[in-house]
Amino acid sequence: MSRSTRSLVLLICLACAGPLLADAPPHGVATPHPLATEVALEVLSRGGNAFDAAVAVGAALAVVEPYGSGLGGGGFWLLHEAATGRQVMVDARERAPLAADADMFLDDEGEVDRDRVMNGPLAAAIPGTPAALDHIVREYGALPLTTLLEPAIRLAREGFPVDPVYERLTSFRRDTLRAWPASAAVFLDDGEVPEEGFVIHQPDLALTLERLADSGRDGFYRGPVAERLVEAVSEAGGIWTQEDLASYQVVEREPISFDYRGMRVVSAPPPSSGGIALAQAMQMMERFDLEAMDEADRLHHGVEAMRLAYHDRARYLGDVDFVQVPVERLIDPRYAAGLAATVHPGRVRPSEQLPGPAGLRGGEDTTHFSIIDAQGNRVSATLSLNYPFGSGFMPAGTGVVLNNHMDDFTAAPGTPNAYGLIQSSANRIEPGKRMLSSMSPTFLEMDDRVAALGTPGGSRIITMVLLSALDFHAGGGADRLVSSPRHHHQYLPDYIEYEPDAFSDELKAQLEAYGHVLEARSRPWGNLQAVVVETDGRFEAAADPRGVGTHSATGLLHPGE
């Protein structure tokens, strides 16, 4: 779908709901779906703040992007409260069921059973998104949850049309969806992938959203919905209990913050690896004289910083409520300086030469949105089911498709997960534990400009945010942040991935001469959503042209009103 077509879709959506854009106060909104952007504007027009809009958008995306997020998943919500300057991450990451154990996905030969860890209810951890919606409204919102969930309930009842992204990802997971009758009945058309324009209706999800709206978190984690979730999961071979659901809580955590050449970067702390990896990579790059280098040398030094940051991710990171993670050491500029000193100009240090556990070998399945309101409140939220449509399993009568985030744990040391990431024993499965993540909702703050951004993309999330942060520091606006070409290195597998046409032939030849292995990808990746407040207080917003999302920006920032 072209950008002009997406704009037309947004205008049609807005026309259906009334003159919302004209009524909306100054704002910047970027979401991955036109209907979610419409919902944000509806809430802002009704007097809601950025936090209200974020809750409404999160619920709406659970309806219109069932392949990327939903009530059966979790995520991270990075918040900036303008009145106080407070910044916090609401950790709504899923938790392992209390009956989980470290060997639950190993077969008789001690190998990971990829089917069990990816498909069906055993792959599902306890969701956090419903609890986050309730928590953010109660602590930061201006409107009631019943008002904020109205648009999502309406979308679930009235339906939404299939677009090219839905069609492609449903085709990818068709066989898994077919395996579960409730999922097939909602997401397929007589067992086949629905064509573009086919309308998806979700009446059961509408009822679940109504219970959540009326009763808050208890409408999901206790009572009829919880009972049906546990019953269906148990009948299909899963291990959820009523205690798992009733005991789930979101956690407010202090973000990772660091400086890069006069720019403050605020990002997600563990159990996300994003903030630490960004701090390490960017503080290493701060030690290099990048402006004096040619394009190949700049890219080489950046890739080597990526390699070292992902190497530490594999070695040290996990849920800080369960394991000791040396956060302060890992983000210390002096530690980054030591790592930077190991980078050789014009020569690769192969990943196999880096110390690590023996036997190591070598994304659009999530969603992200960014919102800044007229007072300067900010939200950068990355939500996920993990793989497209998560586990593929929907407990009948709930409308909730469950995540497969148990794959983000270390099922077996040295064995990559679905994104090729190596995990250490710090991230092994334990009852009630949150699994490591790459989701990296981020704020960028300079003396005269700020940005809220993030993206889906599995293991590539961190490097996409890194490249966008460098673009912002260099003066790039919202459009540049979301559209610049992308490349990626994650320690193992030991190669640079790059988007089609991202590298010239001359650049590729020079990188290969340095010892880099290059892997071209057949199509672009990511779906970055960015909002920027410029020097003059003007809002800018941009949705990634790789997706079908839309954005809206109007007016000037009015802090303190």
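What the sequence shown shows, in mature numbering (1 follows the signal peptide of the UniProt record, and there is no 0), is residues -22 to -1, 1 to 539, in sequence order.
The beta-carbon is built from N, C-alpha and C at its ideal position, and this holds for glycine as well.
For residue i: DSSP bridge partner residues
i: GLN258; result: Paired residue(s): none; GLN258 is not in a bridge.
i: SER348; result: ALA8 and SER358
i: THR388; result: ARG406
i: MET67; result: LEU56 and ARG231
i: HIS451; result: According to DSSP, HIS451 bridges with nothing at all.
i: GLU518; result: VAL510
i: ARG412; result: ARG73
i: HIS466; result: GLU475
For residue i, the three-state DSSP class (helix, strand or coil)
i: ALA214; result: coil
i: GLY197; result: helix
i: PHE83; result: coil
i: LEU56; result: strand
i: PHE300; result: coil
i: PRO523; result: coil
i: ARG501; result: coil
i: ILE407; result: coil
i: GLY46; result: coil
i: ASP192; result: helix
i: THR528; result: strand
i: LEU166; result: coil
i: GLN180; result: coil
i: PRO139; result: strand
i: ASP93; result: helix
i: residue 542; result: Nothing about residue 542 can be read from this structure; the chain reaches only from -22 to 539.
i: GLU330; result: helix
i: LEU496; result: strand
i: GLU209; result: helix
i: HIS536; result: coil
i: SER437; result: helix
i: SER250; result: strand
i: SER23; result: helix
i: ALA61; result: coil
i: GLY340; result: Low local confidence applies: a pLDDT of 31 at GLY340 is under 50, so the model's placement there is unreliable, with the coordinate-based value given in what follows. In the structure shown, GLY340 sits in coil (DSSP, three-state: anything other than H, G, I, E or B).
i: LEU444; result: helix
i: SER161; result: helix
i: TYR118; result: helix
i: ALA110; result: helix
i: PRO202; result: helix
i: VAL187; result: According to the sequence as given, residue 187 is Leu; it is not Val. In this structure, LEU187 counts as helix in the three-state DSSP scheme.
i: ALA14; result: helix
i: LEU155; result: helix
Beta-carbon separation (whole angstroms), residue i vs residue j, contact threshold 8 Å
i: THR513; j: ASP426; result: 4 Å
i: SER418; j: ASP386; result: So it is not a contact: roughly 14 Å between Cβ atoms.
i: ASN355; j: SER369; result: Not really, about 34 Å apart at Cβ, beyond 8 Å.
i: ILE440; j: LEU256; result: 6 Å
i: THR345; j: LEU39; result: 5 Å
i: ALA429; j: VAL510; result: 5 Å
i: THR125; j: SER530; result: Not confirmed; about 20 Å, so no contact.
i: GLY119; j: ASP30; result: 5 Å
i: ALA521; j: GLY527; result: 3 Å
i: ALA259; j: LEU444; result: 6 Å
i: ASP112; j: GLY194; result: 4 Å
i: ALA74; j: ALA103; result: 6 Å
Range of the contiguous beta strand (DSSP E) that encloses residue i
i: ASP237; result: 234 to 238
i: GLN507; result: 507 to 511
i: LEU361; result: 356 to 362
i: LEU76; result: LEU76 -> no beta strand (DSSP E), and no H or E assigned at all.
i: PHE421; result: 420 to 423
i: LEU147; result: LEU147 -> not in any beta strand (DSSP E); alpha helix (DSSP H) instead, spanning 142 to 150.
i: MET241; result: 241 to 245
i: LEU431; result: 428 to 432
i: GLU230; result: 229 to 231
Alpha helix (DSSP H) segment containing residue i, residue limits
i: residue 540; result: Residue 540 lies beyond the residue range present for the chain, which begins at -22 and ends at 539; the question has no answer from this structure.
i: residue 542; result: The requested residue 542 does not occur in the structure, where the chain is confined to residues -22 to 539.
i: ILE104; result: Looking at the DSSP string, ILE104 is not in any alpha helix (DSSP H), and its letter there is neither H nor E.
i: PHE29; result: 28 to 42
i: GLU475; result: Taken as a continuous stretch (DSSP letters only), GLU475 belongs to no alpha helix (DSSP H), being part of the beta strand (DSSP E) at 474 to 476.
i: GLU221; result: 220 to 224
i: SER461; result: 456 to 461
Below-9 Å beta-carbon distance, residue i vs any chain D residue
i: ILE439; result: Judged by its chain identifiers, the structure shown contains no chain D, having just a single protein chain.
Entirely enclosed beta strand (DSSP E) segments - the segment 266 to 327, minimum 3 residues: Restricted to the segment 266 to 327, not a single beta strand (DSSP E) segment is unbroken, complete and at least 3 residues in length.
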